[in-house]
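Enquirer:
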Amino acid sequence: MTAPDVSVVVPVYNTMPYLRTCLSSLLDQTIGHERMEIVAVDDGSTDGGGRLLDRLAARHPGTVKVVHQANSGGPAAPCNRGLELATGRYVFFLGSDDHLGPEALERLVAAADRHGSDVVLGKVVGVNGRHVFSDVFNAGNAVDVDLFDSALPWSLANTKLFRRELVERHGLRFPEDMPVLSDQPFTLEACYRARRISVLADYDYYHAVRRLNARNITYHSRVAARLVSVERLFAFVAALIPAGPRRDAVLRRHVGLELANLVGDDFRRLDRADQEQVHAVVRRLVDRYVTDDLRDRLDIEARLRLGAVTAGGVDDLLAVIDQDAERGVPPTVVEDGRWHAGYPGARTGGWADVTDVRADWLAKLDTVEVTWEGGHTLAVTTRSPYPRFAAEAGPVRLVAGQLAGTTLLDATDPTGRTVRTDFPVDRLLAASAATGQRHPVRAELTGTHGRGSAPVRAPRLATGRPRLLRHGLRLYGVAATVDPRSGQLVLSVVPVTVGQLVSRLARRLRRAVPAGPARVAPTPAPVVPAPTRAAHAAGTAPTPAPVGGPSATVGTGNHAERGRGGDLPIGQLTPTS
């Protein structure tokens, strides 16, 4: 029997009803059943997902393989089990709450064969506002991408097409001693060993779903597991890539994301023992792996917080976080020609010296307010407390994701500078994926100290209810939210279904009707899209995804830690924590 072109490994753990949509998207692939196999590994699901897999395997015995195992506590073990059973020329990993575009596998395999690529990354889009790092797709299709001279290190999820011969030749497997982040070592080494890596940005290949009913594994509850995984991740990178600019190019992502997240705003919510443990691990990793060149390339906020860790104790770090989260940009202290961030509790050692990154420091703005103007424009007002801002910095612009706003006010006074920027919602909707998108807001400027950029924070910002707006034939909820981990202002676009609107209306009616013998009509069923051909055959008709919910890292780790986002269903805009 001829081996299939591609094996799709699906690790499964309690992702109903999203698993139905996931499987339907595989059975509807235009590559055809004869050229693919589905290897589903049930990692001890308790929500009926295992029974669904068995029914599917019985209906498609030549296409679907199912393995059941006791829960392993993470995605690594089921991914490894799937690799053992895979027989295709290529292997692809799909999260069981995510799904593929109909032509995804056919296009990916064709590109790999045409270009001789060992790894192919297809465009990933977020569903229901799930955040994905998309910079690697901004330049369009690329036949040969350099791991060390591109945005690829920011897209290390395993949701790619891998040549199986590469995987087996180098014995690549997922580290089962990493409770979270286990897909990153696998993907990184595959990219490091690959003869060619290709990127396809011409089609929505992978739909990463943000789900409301996920059991959110928070930073607080999994801090020990996360610290273990982060330490092992850094050790893996150091063992794989010799010290120098190439290692720094990869570690820039891990330091700026995984390490900086450990000292994000929610560090304050940990108990003291956990804070001490996080501080010790972060300090050890910074001392061991962060070179001067790498430090200078970090985001200004990450650089300052990690500097506070290495120069002081937990209380010094908390003082920096409290300043950012509660009071906003600190004053700038200029002494002997050197600029210093005026954080309370700052110690000697130079960590608060921002002289060499003055442009980035000047770009740190606080959100004063966000208002709706005329119903179709979001107006963002920001402010810098630096009195000499006008003399040191040129024009300022705010950018939400890839969308530049229109500056309508740029005024200075003796205490600082105020900038108001408008974001027309029609442009925001046009810049968003049909499945929704989060647009983090940054400030960019050019001045006497060069070009600078920094996230726009929103301390104490009271977010309002989202607006329902139509774009084409679809409805979306549009709102300004605050990322609870980073404190960054985010403009969010979330699709809204007719069923969700009907359910919301029914809830309002129930609340409006007085208690007594009168009854409220039952909530109408949500409008469900017509099931696909394969869904009819397999009994896996898709269930519409809810609006909003916690954000997540993209990958097949349905066990993996999920970050917290800022969107909730329409009418419930308070950010989760």
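Sequential numbering of the sequence shown, starting at 1, is according to UniProt numbering.
C-beta atoms are modelled at their ideal positions from N, C-alpha and C, and glycine is treated no differently.
Can you name, in chain order, every residue of its own chain whose Cβ lies under 8 angstroms from the Cβ of Arg397, other than the five neighbours on each side?
Expert: For Arg397, where only same-chain residues beyond five positions count, the Cβ hits under 8 angstroms are Ala404, Gly405, Thr407, Thr421, Ala443, Glu444 and Leu445.
Enquirer: Tell me the rounded alpha-carbon separation between Tyr90 and Pro440.
Expert: Using only the alpha carbons, I get a separation of about 35 angstroms.
Enquirer: Looking at the unbroken beta strand (DSSP E) that takes in Glu335, where does it start and where does it end?
Expert: Element bounds for Glu335: Thr332 to Glu335.
Enquirer: Using a Cβ-Cβ distance cut-off of 8 angstroms, determine whether Arg195 contacts chain C.
Expert: Looking at the structure shown, chain C is missing, and only one protein chain is on hand.
Enquirer: Which of the three DSSP states is assigned to His33 in this structure?
Expert: Residue state, collapsed to three classes: helix.
Enquirer: If we call anything under 8 angstroms between Cβ atoms a contact, is Phe234 one with His254?
Expert: Contact flag set, yes.
Enquirer: DSSP three-state call for Gly267: helix, strand or coil?
Expert: Residue identity differs from the one stated: residue 267 is Phe in this sequence, not Gly. Residue state, collapsed to three classes: helix.
Enquirer: Under 7 angstroms Cβ to Cβ from Ala111, same chain only, skipping five residues before and after it: list those, please.
Expert: Correct list, in chain order: Ser117, Val120, Ser198 and Leu200.
Enquirer: Given Glu392, which residues of its chain have a CB within under 8 angstroms of its CB, disregarding the five upstream and five downstream residues?
Expert: Answer for Glu392: Arg358, Leu362, Tyr386, Gly447, Thr448 and His449, listed in chain order.
Enquirer: Report the residue from Arg210, Val482, Leu156 and Arg474 whose alpha carbon sits nearest the alpha carbon of Val456.
Expert: Val456 has its Cα closest to that of Val482, out of Arg210, Val482, Leu156 and Arg474.
Enquirer: Please report the Cβ distance between Ala479 and Thr463, rounded to the nearest whole angstrom; I am assuming they are in contact, meaning their Cβ atoms lie under 8 angstroms.
Expert: With 8 angstroms as the limit, Ala479 and Thr463 qualify as a contact, their Cβ atoms being about 7 angstroms apart.
Enquirer: Using beta-carbon positions only, say whether Glu106 and Tyr203 come within less than 8 angstroms of one another.
Expert: The answer is no: Cβ separation not under 8 angstroms.
Enquirer: Which value, in whole angstroms, describes the spacing of the CA atoms of Ala57 and Val64?
Expert: Roughly 5 angstroms between the two C-alpha positions.
Enquirer: By DSSP, does Gln277 sit in helix, in strand, or in coil?
Expert: Helix, per DSSP.
Enquirer: Residue range of the beta strand (DSSP E) that Val125 falls in?
Expert: Start and end: Val124 to Val127.
Enquirer: Verify whether the separation of the beta carbon atoms of Leu365 and Val419 is less than 8 angstroms.
Expert: For Leu365 and Val419, yes; Cβs fall inside 8 angstroms.
Enquirer: What is the residue span of the beta strand (DSSP E) that Phe234 lies within?
Expert: Careful: Phe234 lies outside any beta strand (DSSP E), inside the alpha helix (DSSP H) at Val223 to Leu240.
Enquirer: Alpha carbon to alpha carbon, what distance is there between Gly171 and Gly307?
Expert: When rounded, the distance between both Cα atoms is 38 angstroms.
Enquirer: So, helix, strand or coil for Tyr13, using DSSP?
Expert: If DSSP states are grouped into helix, strand and coil, Tyr13 belongs with coil.
Enquirer: Between which two residues does the beta strand (DSSP E) holding Gln437 run?
Expert: Unbroken beta strand (DSSP E) run through Gln437: Gln437 to Gly447.
Enquirer: Counting only runs that start and end within the segment 371 to 422, where is the beta strand (DSSP E) found for 3 or more residues in a row?
Expert: Correct list: 377 to 384, 393 to 400 and 406 to 413.
Enquirer: Hey, how far is the Cα of Ala225 from the Cα of Ala239?
Expert: About 21 angstroms.
Enquirer: Determine the contact status of Ser155 and Ala86, defining contact as a CB-CB distance below 8 angstroms.
Expert: No.
Enquirer: My output table needs one value for Glu176: the three-state DSSP class, helix, strand or coil.
Expert: Correct three-state label for Glu176: coil.
Enquirer: Around the Cβ of Thr540, are there at least 16 other Cβ atoms within 10 angstroms (buried) or fewer (exposed)?
Expert: Low local confidence applies: a pLDDT of 43 at Thr540 is under 50, so the model's placement there is unreliable, with the coordinate-based value given in what follows. With 16 or more Cβ atoms within 10 Å of its Cβ, Thr540 is classed as buried.
Enquirer: Quick one: what's got a C-beta closer than 6 angstroms to Arg35's C-beta in the same chain, skipping five residues either side?
Expert: These residues qualify, in order along the chain: Pro4 and Asp5.
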